[in-house]
Amino acid sequence: MRVLLIPELYRPDDPTANGTLGDAATWVEGWLDRDPALHVYWLVPPQVPDEAILADRERVTAIRAEPFGDGGDGTDRPDEADIFTEGGYSWAELDALKRAIYDRGAYLDAVVDQRRTGRFDLRKWLCQQTDRWAADVVPFDVIANVHDLQVPFKYRYCSYRDEFQSRMAMAGAVFADGVWFKAGVDADRLRERATEVLRPEVVEDALDDAIETGSPIDLSGFEESYADAPEVLHLAGSLWEKKRADRLLAVGERLHEEFGVETLLTSMEQIPDEYASPEWVETFPEADRETYETALRRGDLAVCASEYETMARTPFEQAASGQVLVLRDEPWIYDCVPDDYRLVGDPDDLADIAVTAVRNWDRAVRENRRLVARVARVRDPDRSARRTHRDLRERVQTKRESYDLGPDDDSVRAALADSPGAEVSLDDLRERTADYTDDALPVTESADYALADLVYALRSLGYRDAGNPGTPTFVRR
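For the sequence shown, the residue numbers in this note's numbering are 1 to 477.
This is the structure we're talking about:
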């Protein structure tokens, strides 16, 4: 099985700061461990390092090219280019896919596409590379990987999004060959919003076959240890408008006034003076991972006031590090938070809840332990890898079962019978079939026989892809 992953990097200048990339890398690690017949291709910008995507492994190929809007055409990259991280495909990317996959005699079973736009052009290009009109089975599936569904309340203050883009993104997901939702809350939102413009039965059909991937977190990397009494509030993450940093600092001020609790503020961004100026605040702007992890060990309390997220990572890493987590009551939290979690409330009540947590510290710690136990289950890396791999495997299995071996495959059978050993190069086998066709041409030169047919004939005859780089090799099971 051969799969192409295309993540969206919403922080293109720092690839490792993108949860989207980390999630997909976790899947790949789990897939490789459980499937010796798998090869993974990544389409990523040049600045993504091998180790971030496991491209130092034999069965992983990194395809690097400048994305759309990123100056790859020789022009300077404008600041506005960041609005296209979710966008279409550059010619450099499309050409790189052709050279790395199809020019080497390889193929794709599935494409997991996380970009909201450009799927029309991507699919057109992939169809151009395959003789799909001749295939008895659809050569590849394109799966919409939805990690942040743009419903109206998310873009009401956005300068470059509107209803048109929201509806097109939802339609693009519904009409894809499959949908992977990062969070269940987005599946619910798609059902609610897409049915305003699409027939409900069409939306339900897409949702019936969709899966929720979760956003895996390996909690074994965090030490869940609690202070005897809280001394430090750790506020972490970006300072985007939706995070409501002003409310977070108000909680910090209240805790300092009543209990002398200090506030530790870490962010990957610059921190405004109004947040850094109080004497009870210690700030770490443009914090790297090491600084953040040090703060995880120092902090005792955490507060999340974000209006919306999709399987947020930072607050739950804080909770897993023994920082008692207080949360704004919003639908998105319940993908990870128990329904009856006590440290949840309206934005105006967060300070009161934090005060109550400090006064009843042992009870607050018990609540946080309960939350962490749920997070460990919902966001288990193996669970996410197993679920996504099963979806990919079942897609291939369904096509294999629908592929009927017949007279058109006789040249493949004959070429295999004449092949020494238990393995065969796909290119070599294709050429060898010319010895057994009426026109002395490879079977895939026929208008009625596609490369996908050759692949599924091999699978039906008991062969599997070895998962090797370059031209695929098939081995007898």
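All C-beta atoms in this analysis are idealised placements derived from N, C-alpha and C, irrespective of residue type, glycine included.
Here the structure is a predicted model, which means the values were calculated and not measured.
Spatial neighbours of residue i in its chain, beta-carbon cut-off 8 Å, leaving aside the 5 residues before and after
| i | result |
| --- | --- |
| Pro347 | Arg244, Arg247, Ala305 and Arg328 |
| Ala171 | Ala194, Val197 and Leu198 |
Residue i classed as buried or exposed, judged by whether at least 16 other C-beta atoms fall within 10 angstroms
| i | result |
| --- | --- |
| Ser384 | buried |
| Gln150 | buried |
| Thr61 | buried |
| Asp113 | buried |
| Asp73 | Residue placement at Asp73 is flagged as unreliable, the pLDDT there being 49, under the threshold of 50; a coordinate-derived value is accordingly withheld. |
| Gln197 | Before going on, a small fix: residue 197 reads as Val here, not Gln. Val197 comes out exposed. |
| Leu458 | buried |
| Thr20 | buried |
| Leu4 | buried |
| Asp335 | buried |
| Trp240 | exposed |
| Ser166 | buried |
| Ala183 | buried |
| Thr471 | exposed |
| Leu454 | buried |
| Ala373 | exposed |
| Ser90 | buried |
| Leu441 | exposed |
| Leu429 | buried |
| Arg59 | buried |
| Thr213 | buried |
| Arg289 | exposed |
Beta-bridge partners of residue i, as assigned by DSSP
| i | result |
| --- | --- |
| Glu262 | Val232 |
| Asp141 | Ala110 |
| Ile211 | Trp180 |
| Tyr463 | Arg476 |
| Phe284 | Thr266 |
| Ile271 | Beta-bridge pairing links Ile271 to no other residue. |
| Ile6 | Asp113 |
| Ser425 | Thr473 |
| Ala187 | DSSP, once it has assigned bridges, lists no residue as partnering Ala187. |
| Leu301 | Leu233 and Val324 |
| Val146 | Phe181 |
Spatial neighbours of residue i in its chain, beta-carbon cut-off 6 Å, leaving aside the 5 residues before and after
| i | result |
| --- | --- |
| Arg342 | Glu367 |
| Ala450 | Asp131, Ala134 and Ala135 |
| Ala169 | Arg116 and Gln150 |
| Thr491 | The first residue shown for the chain is 1 and the last is 477, placing residue 491 beyond what the model contains. |
| Phe284 | Thr266 and Thr291 |
| Pro7 | Thr20, Leu21, Ala24 and Gln114 |
| Thr314 | Ala236 and Gly237 |
| Trp125 | Leu94 |
| Val375 | Phe316 and Cys336 |
| Lys399 | Val137 |
| Val344 | Leu327 and Asp329 |
| Phe259 | Val358 |
Best match in the options for proximity to residue i [C-alpha to C-alpha]
| i | options | result |
| --- | --- | --- |
| Asp391 | Leu43, Trp31, Ser215 and Cys127 | Trp31 |
| Ser159 | Gly214, Phe84, Leu405 and Asp448 | Phe84 |
| Glu29 | Pro472, Asp382, Thr130 and Leu190 | Asp382 |
| Arg123 | Phe175, Phe153 and Ala135 | Phe175 |
| Asp148 | Glu309, Arg369 and Asp218 | Glu309 |
| Ile333 | Pro200, Ser215 and Asp209 | Ser215 |
| Arg359 | Ala37, Ser267, Leu255 and Glu223 | Leu255 |
| Ala295 | Glu262, Ile217, Met311 and Ala312 | Glu262 |
| Leu371 | Gln318, Asp404 and Glu212 | Gln318 |
| Arg393 | Gly22, Arg377 and Leu38 | Leu38 |
| Phe222 | Ala320, Gly118 and Gly87 | Ala320 |
| Tyr275 | Asp453, Trp180 and Leu249 | Leu249 |
| Lys242 | Tyr155, Glu257 and Val344 | Tyr155 |
| Ala236 | Pro49, Gly118, Glu258 and Ala287 | Ala287 |
| Gly88 | Gly118, Leu405 and Val396 | Gly118 |
| Ser225 | Ala466, Val365, Leu405 and Val137 | Val365 |
| Val137 | Asn145, Ala110, Phe153 and Phe120 | Ala110 |
| Asp418 | Val48, Asp408 and Glu431 | Glu431 |
| Ser220 | Ile143, Phe316, Phe181 and Glu401 | Phe316 |
| Glu404 | Ser460, Val232 and Glu201 | Note on identity: in this sequence residue 404 is Asp, with Glu being the wrong assignment. It is Ser460 whose Cα lies nearest to the Cα of Asp404. |
| Leu264 | Asp439, Asp339, Arg161 and Glu282 | Glu282 |
| Leu108 | Glu163, Val40, Asp439 and Val48 | Val40 |
Cβ neighbours of residue i in the same chain (closer than 7 Å, five flanking residues each side left out)
| i | result |
| --- | --- |
| Trp27 | Ser384, Ala385 and Thr388 |
| Ser411 | Thr433, Tyr436, Thr437 and Val443 |
| Glu93 | Leu43, Ala65 and Pro67 |
| Leu350 | Arg247, Val251, Val303, Ala305, Val326 and Arg328 |
| Asp56 | Asp50 |
| Lys98 | Gln129 |
| Trp361 | Ala229 and Pro230 |
| Asp209 | Gly178 |
| Phe474 | Glu423, Val424, Leu426, Leu458, Tyr463, Arg464, Asp465 and Ala466 |
Review point. Where in the segment 309 to 360 do unbroken runs of the alpha helix (DSSP H), each at least 4 residues long, occur, reported from the N-terminal end onward?
Key: 314 to 320 and 350 to 359
**Study point:** Whole runs of the beta strand (DSSP E) within the segment 27 to 100, excluding any shorter than 3 residues
**Key:** 39 to 44 and 60 to 64
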